[in-house]
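Data block below; observations after.
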Amino acid sequence: MQKLICTACFLFLFSVGAIAQNSPDCRSAIPICADAPIMGLSDGNGDINDFDPDVIRQTGCLEKGSISEANIENNTSWFAFRALADGQIGFDIEALTTTAEWDFAVYGSEIEDDAVLDCVDISSGTEPIRCNYEVNTTGFTGIGVNPISGQNGQPPVDDVTEGNQNTYDTWMDVAEGEIYYILINNYNTNFDGNPEPFSLTFTNPPGSQDVNEILDCTFRDEFLGLDIIACEGDPDIVLSARRSPAGAVINSVVWELDSEDDGTYETPLTGSGAPDYELTVSYPNSGRYQVTITTPFTVITDDILITYYTTPVLDPDNGVTILDTNINPDYNFNDIEFVVDGDGDYEYAINGGEFQEDPIFLDVPPGENTVIINDLNGCGTTEPIPFLVVGYPKFFTPNADSRNDFWNIQGIETLTDPVVFIFDRYGKLLKQIDETTLGWDGTFNGRPMPSSDYWFRFEYSEPDDQNIIVAKTTRRHFSLVR
């Protein structure tokens, strides 16, 4: 919840243009609005690659820039805005120096899409809904109409890329309540390290609803930005009181943390600067952070929820839980459940199959399998993790093709005192095998046995709930197929 308590208003700070601190990362995008030009600065690298450069370059309008070893976020700024109502908007990005060349990309949900877009989606490869670049003599790029040349924006050149060769895109439809992200990138990197200024001004088509009625200007008061999802290993997050409507006229700054996000704030935290203009948050300190800013005229507060997630790791004790196994006489399937050591949101895929969010898999093949775990918050994907399911195959094909040529209990070597007796349908003992045996090859006294069902009795030992070793016996059947 963000709050603004005002005894003397500060609208004059924005009457001639809002000065926006640079935010190099999507997760700390600066909230902006439409009632004045935003005077932006682009002066550094993003700490996080908010997207896959190989994917973003396919859009046709964002490149790494003139420093080849820099990531694509070299000299970038991220902004966010929220639609107060349905409508059409555009914006103009003006280069304020001759050494900069500005590209942009807009991310957001289309009106027919009910999904809520966030920075995790962007980092996972979501394509921009608009993007373009400044390659003209006017120094402008954007959405709508070039204010100098009068050139109308054009749609993408094809269905594959959102970029085009016109430097302006067509007007953009926005939907009430949706949040949109703007990435502004200085392609022509400044080698002297000085910040590059630009202006960003919202516009709208002639005769349409005023852009100030379409965009939610209270959103800008939320100066700490949007709630952040971060990962173990990410760089520290820096929260800044300098973005508040108070500007530089600040008497005191107090930071507090509600680690449980239950409405109870704990001992005030110590920030940096004089007063504590900035607070650095690092893993694993999740929680809701609140800042209270006191000026000679007003008290301003804002808060932000920061949630850290770890990379997925199977629980060291119960990572793979066998729910049912077909060597148990009560069940005919191998059902398992994965338990992850962490509090993230995960999806799972076994043996190269499709991902599912349910950690329970039914009728898993006996023997060695693999699982891949993906964190849905963007905090990593494991390599294939092997796991063993003790069970028996329901058929085998002893035709010397090196596939299913032997029948045995898969994982038998992990059991205590295992032994298997194989019979034909009349009860004649054909083979006895154990953990040292490759398995039954489908013969008896050197002669191939016919295709049919065969029975087995499986005996082994395992501890019960009181850790007492007890004997187990299973009688089942399987098929020999030639």
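Reading the sequence shown from the start, the letters are residues -20 to -1, 1 to 462 in mature numbering (1 follows the signal peptide of the UniProt record, and there is no 0). All C-beta atoms, glycine included, are put in the ideal place defined by N, C-alpha and C.
Residue i - containing beta strand (DSSP E), residue span
i      : result
Asn166 : 159 to 166
Leu249 : Counting along the chain, Leu249 falls outside any beta strand (DSSP E), and DSSP gives it neither H nor E.
Glu236 : 232 to 238
Ile402 : 396 to 403
Asn349 : 347 to 355
Val304 : For the sequence presented, residue 304 should be read as Asp rather than Val. Taken as a continuous stretch (DSSP letters only), the beta strand (DSSP E) holding Asp304 covers 300 to 304.
Ile330 : 326 to 330
Residue span of the alpha helix (DSSP H) that contains residue i, given as start and end
i      : result
Asn192 : 191 to 194
Ile102 : 99 to 103
Close beta carbons around residue i, own chain, < 7 Å, minus the five adjacent residues each side
i      : result
Phe401 : Leu409, Gln412, Phe436, Arg437
Arg200 : Pro11, Ile12, Cys13
Thr77  : Glu176, Pro177
Gly251 : Val233, Trp235, Tyr257, Glu258, Leu259
Asn192 : Ala14, Asp15
Thr121 : Ile73, Trp82, Phe84, Asn112, Tyr113, Glu114, Thr147, Tyr148
Asn447 : none
Residues near residue i by beta carbon distance below 6 Å, same chain, minus five either side
i      : result
Pro309 : Thr454
Val461 : Phe375, Thr377, Ser431
Thr423 : none
Minimum C-alpha distance to residue i - residue among the options
i      : options                        : result
Pro17  : Phe71, Ser3, Pro4              : Phe71
Lys307 : Gln390, Gln189, Phe182, Ser103 : Here residue 307 is Ile; the residue named in the question, Lys, does not match the sequence. When each option's Cα is compared against that of Ile307, the closest is Gln390.
Pro373 : Thr305, Gly299, Pro364         : Thr305
Ile194 : Glu393, Asp15, Pro339          : Asp15
Gly253 : Arg268, Glu212, Val218, Glu246 : Val218
Asn116 : Asn126, Pro108, Ile109, Tyr245 : Asn126
Pro292 : Ser224, Thr281, Glu363, Val234 : Glu363
Ala85  : Thr287, Arg110, Gln131         : Arg110
Asp256 : Thr281, Trp420, Arg222         : Arg222
Asn314 : Val300, Gly122, Asp295         : Val300
Thr118 : Thr147, Gly422, Ala329         : Thr147
Asn354 : Leu294, Asp381, Asp216         : Leu294
Arg456 : Asp433, Asp445, Glu442         : Asp433
Glu442 : Glu114, Thr423, Thr394         : Thr394
Glu212 : Asn298, Pro296, Gly324, Asp83  : Gly324
Gln270 : Tyr289, Tyr263, Asp242         : Asp242
Asp101 : Glu114, Tyr87, Tyr113          : Tyr87
Ser188 : Asp196, Gln134, Gly124, Asn166 : Gly124
Val319 : Gly360, Ile340, Met429         : Ile340
Inter-residue CB distance, residue i and residue j (contact presumed, cutoff 8 Å)
i           : j      : result
Ser60       : Leu206 : For clarity, residue 60 is Ala in the given sequence; the question names Ser instead. That belief holds up - the Cβ atoms of Ala60 and Leu206 are roughly 6 Å apart, short of 8 Å.
Ala226      : Arg7   : Not really, about 24 Å apart at Cβ, beyond 8 Å.
residue 465 : Ile302 : No information on residue 465 is available, as it lies outside the stretch -20 to 462 that the chain covers here.
Ile73       : Ile164 : 6 Å
Tyr289      : Gly322 : 7 Å
Spatial neighbours of residue i in its chain, beta-carbon cut-off 8 Å, leaving aside the 5 residues before and after
i      : result
Ser104 : Gly358
Glu240 : Gly267
Tyr161 : Cys6, Ala9, Trp58, Phe59, Ala60, Val86, Tyr87, Gly88, Leu97, Cys99, Ile102
Gln336 : Glu327, Tyr328, Ala329
Minimum Cβ-Cβ distance from residue i to chain C less than 8 Å
i      : result
Ile340 : No chain C appears in the structure shown, which is made up of a single protein chain.
Residue i Cβ short of 7 Å to the ligand HEM heavy atom set
i      : result
Thr287 : With respect to the ligand HEM, the structure offers nothing, as it holds no ligand at all.
For the segment 220 to 235 against the segment 265 to 276, are there 3 or more C-beta pairs whose distance is under 8 Å? yes
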